[in-house]
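Participant:
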């Protein structure tokens, strides 16, 4: 069996030190005649808990922050990680509210960093089965990124399989790491100089310009909430293919762009210049799927274009350019792994930088992460999966976040938002639906025109 270095990476450690929100994956199952009990859930987990070392290992710091934290296999008591609740009210708002807020709550220390929240008897939710069991699985961002959690979910809820790896057992980790610190500092200085030289010689686009600040980028004044819309993957493929050979991700970004544009336009606050979206992109290579191997792209949402089709085509072009830019610059970022932990720890204690211009922000106005979950062959206590959702937190400056998830032919766009910044979530949800319908109508027109010409 393969052994894996138990040390957290630079990015993992940064998430761990900064108490970042959990990565949250939600699966919706079609409930049978009898809802599962807590005992059912615990027994089900016990049968599968050995499928991944991530479920039975704890992130352990090195005293004095002299080294990167380590994974240590400690075992697990599933009773400490599971809650089961039968719903007595219908609808999604209360469950969504609780899950998004729970995801922003730190996990217990000195335990495997995950929790599983099960809600049974869920009814009257558009896009769900008539009666559903909802499973919210949350894990520390220091342990996984979105793709790694999706992989773990398939390992846990999918057909029988186990991860063929375990964490290496280390001895005297703190002493060895303290001795390595001077070496790391030397490598860091050399790597930074080499990276800067390489970057200046590379013909890539310049850093992203400042972006207009909108009401969606203010300080949080309310409570974290959640809503979503459900779309079809095949229909999104048809729309994208018909309107310029765009991807499903392009279409999803165009739907989000149209909703944000309409929302701000109706408020009389549509900026002259376009908004942009932060899109995580995987840098994962072969090997066990854990930790954070992800980069960041900033893609224009082309909200300065008032035509839905034109906006979709422009987003497709902007995304292609940004992917090329990312591929050129991503190889220059490995130097961060040489940052000593004491220096990283000190950096996380510094106050957040102040925004220089109150009317502008940097990098992005919102986030849109897209994690496909593959075939709809997952199950939970013999209940088949029907849909999936993704959640993230909200922070000052980003009061509305979008998360895209798909399983089988069902795709959802989640909206995690601050109720003070987005007081009318149903209205915003309607704008998402309307924008997709506008793209569908235009795709129908293009196909009808092509058929007429060929006929």
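Residue numbers (my numbering): 217 to 671.
All residues carry an ideal CB built from backbone N, CA and C; glycine is no exception.
1. Is it right to say residue 333 is buried, meaning 16 or more other beta carbons lie within 10 angstroms of its own, or is it exposed?
2. Determine the burial state of residue 413: buried for a count of at least 16 other Cβ atoms within 10 Å of its Cβ, exposed for fewer.
3. Fully enclosed by the region 239–263, which alpha helix (DSSP H) runs are 4 residues long or longer?
4. Would residue 445 pass as a contact of residue 649 if the rule is Cβ separation under 9 Å?
5. Determine the contact status of residue 364 and residue 508, defining contact as a CB-CB distance below 9 Å.
6. For the region 366–382 against the region 309–324, are there 3 or more C-beta pairs whose distance is under 8 Å?
7. Exposed or buried, what is residue 612 when buried is set at 16 or more other beta-carbons lying within 10 Å of its beta-carbon?
8. Could you check the C-alpha separation between residue 321 and residue 356 for me, to the nearest Å?
9. Give me the Cα-Cα distance between residue 439 and residue 584, rounded to the nearest whole angstrom.
10. Indicate the three-state DSSP secondary structure (helix, strand or coil) for residue 503 in the structure shown.
11. If you compare alpha carbons, which of 500, 481, 614 and 526 is closest to residue 467?
12. Excluding the five sequence neighbours on either side, which residues of its own chain have a C-beta within less than 6 Å of the C-beta of residue 228, listed in chain order?
13. For residue 286 versus residue 224, is the C-beta distance shorter than 9 Å?
14. What's the gap between the Cα of residue 353 and the Cα of residue 299?
15. Check whether the region 513–526 and the region 492–500 touch, using three or more Cβ-Cβ pairs below 8 Å as the test.
16. Closer than 6 Å by C-beta to residue 331: which residues in its own chain qualify, once you throw out the five before and the five after it? Chain order, please.
17. Judging by CA-CA distance, which residue of 588, 373, 284 and 630 is the nearest neighbour of residue 315?
18. Give me the Cα-Cα distance between residue 710 and residue 669, rounded to the nearest whole angstrom.
19. Extract the residue ranges of the alpha helix (DSSP H) inside the region 486–545, only unbroken runs of 4 or more that lie entirely within it.
20. Under 8 Å Cβ to Cβ from residue 422, same chain only, skipping five residues before and after it: list those, please.
21. Quick check: the Cα distance between residue 489 and residue 519, rounded to an integer number of angstroms?
22. Starting from residue 444 and walking both ways along the beta strand (DSSP E), at which residues does that stretch end?
23. Give every residue of the same chain whose Cβ lies closer than 6 Å to the Cβ of residue 243, excluding the five residues on either side of it in the sequence, and list them in chain order.
24. Among 372, 329 and 303, which one has its Cα closest to the Cα of residue 340?
25. Taking only the alpha-carbon atoms, compute the straight-line gap between residue 240 and residue 665 and give it to the nearest angstrom.
26. Could you tell me which residues DSSP puts in a beta bridge with residue 330?
27. Quick check: what's the CA-CA separation for residue 458 versus residue 579?
28. Since residue 265 contacts residue 292 with CB under 8 Å, what's their CB separation in whole angstroms?
29. Applying the 10 Å Cβ sphere with the 16-neighbour rule, what's the burial state of residue 478?
30. Residue 524 to residue 470, Cα distance in whole Å?
31. How big is the Cα-Cα spacing for residue 248 and residue 362?
32. Would you call the CB atoms of residue 383 and residue 222 closer than 9 Å?
33. How would you label residue 565, buried or exposed, when you count the other beta carbons within 10 angstroms and need 16 or more for buried?
34. If you follow the alpha helix (DSSP H) that residue 364 is part of, which residue opens it and which one closes it?
35. Tell me, please, which residues DSSP counts as bridged to residue 350.
36. With C-beta atoms as the reference, is residue 586 less than 9 Å away from residue 465?
Facilitator: Per the coordinate set shown:
1. Here residue 333 is buried: its Cβ has 16 or more other Cβ atoms, across all protein chains shown, within 10 Å.
2. Low confidence applies here, because residue 413 scores a pLDDT of 48, under 50, leaving its location unreliable; read the following figure in that light. Its Cβ having fewer than 16 others within 10 Å, residue 413 is exposed.
3. You should have found no qualifying run.
4. Cβ distance < 9 Å, so residue 445 and residue 649 count as in contact.
5. Against a cut-off of 9 Å, the Cβ pair of residue 508 and residue 364 comes out as a contact.
6. The region 366–382, when compared against the region 309–324, does not touch it at the 8 Å Cβ threshold.
7. Sixteen is the threshold: since fewer than 16 other Cβ atoms of the shown chains lie within 10 Å of the Cβ of residue 612, the residue is exposed.
8. In a straight line, the C-alpha of residue 321 is about 10 Å away from that of residue 356.
9. Computed Cα separation, rounded: 20 Å.
10. Three-state DSSP puts residue 503 in coil, outside helix and strand.
11. Comparing Cα-Cα distances from residue 467 to each of 500, 481, 614 and 526, the minimum goes to 526.
12. The beta carbon of residue 228 is closer than 6 Å to those of 358, 507 and 508 in its chain, skipping five residues each way along the sequence.
13. In this structure, residue 286 sits near residue 224, with a CB-CB distance shorter than 9 Å.
14. So the alpha carbons of these two residues sit roughly 11 Å apart.
15. In the pairwise beta carbon analysis, the region 513–526 is classified as touching the region 492–500: at least three pairs are separated by under 8 Å.
16. Answer for residue 331: 297 and 354, listed in chain order.
17. That would be 630, whose Cα lies nearest to the Cα of residue 315.
18. For the chain, the structure presents residues 217 to 671; residue 710 sits outside this window and is missing.
19. Runs found: 524–545.
20. With a pLDDT of 41 at residue 422, under the threshold of 50, the predicted position of this residue should be treated as unreliable, though the coordinate-derived value follows. Excluding five sequence positions before and after residue 422, none of the CB atoms of its chain fall closer than 8 Å to its own CB.
21. Each residue's alpha carbon lies about 7 Å from the other.
22. It spans 440–448 - the beta strand (DSSP E) in which residue 444 sits, taken as one unbroken run.
23. So the list reads 351, 601 and 604, once near-sequence residues are dropped.
24. Among 372, 329 and 303, the Cα nearest to that of residue 340 belongs to 303.
25. C-alpha separation (whole angstroms): 43 Å.
26. DSSP lists 355 as the beta-bridge partner residues of residue 330.
27. One C-alpha to the other measures close to 31 Å.
28. The Cβ separation is near 6 Å, so the contact holds.
29. Label assigned to residue 478: buried.
30. Spanning the two alpha carbons is a distance of roughly 8 Å.
31. Residue 248 and residue 362: Cα-Cα distance of roughly 29 Å.
32. With a cutoff of 9 Å on beta-carbon distance, residue 383 and residue 222 are scored as near each other.
33. So residue 565 counts as exposed.
34. Start and end: 362–373.
35. According to DSSP, residue 350 bridges with 244 and 335.
36. Annotated as proximal: residue 586 and residue 465, with beta-carbon spacing under 9 Å.
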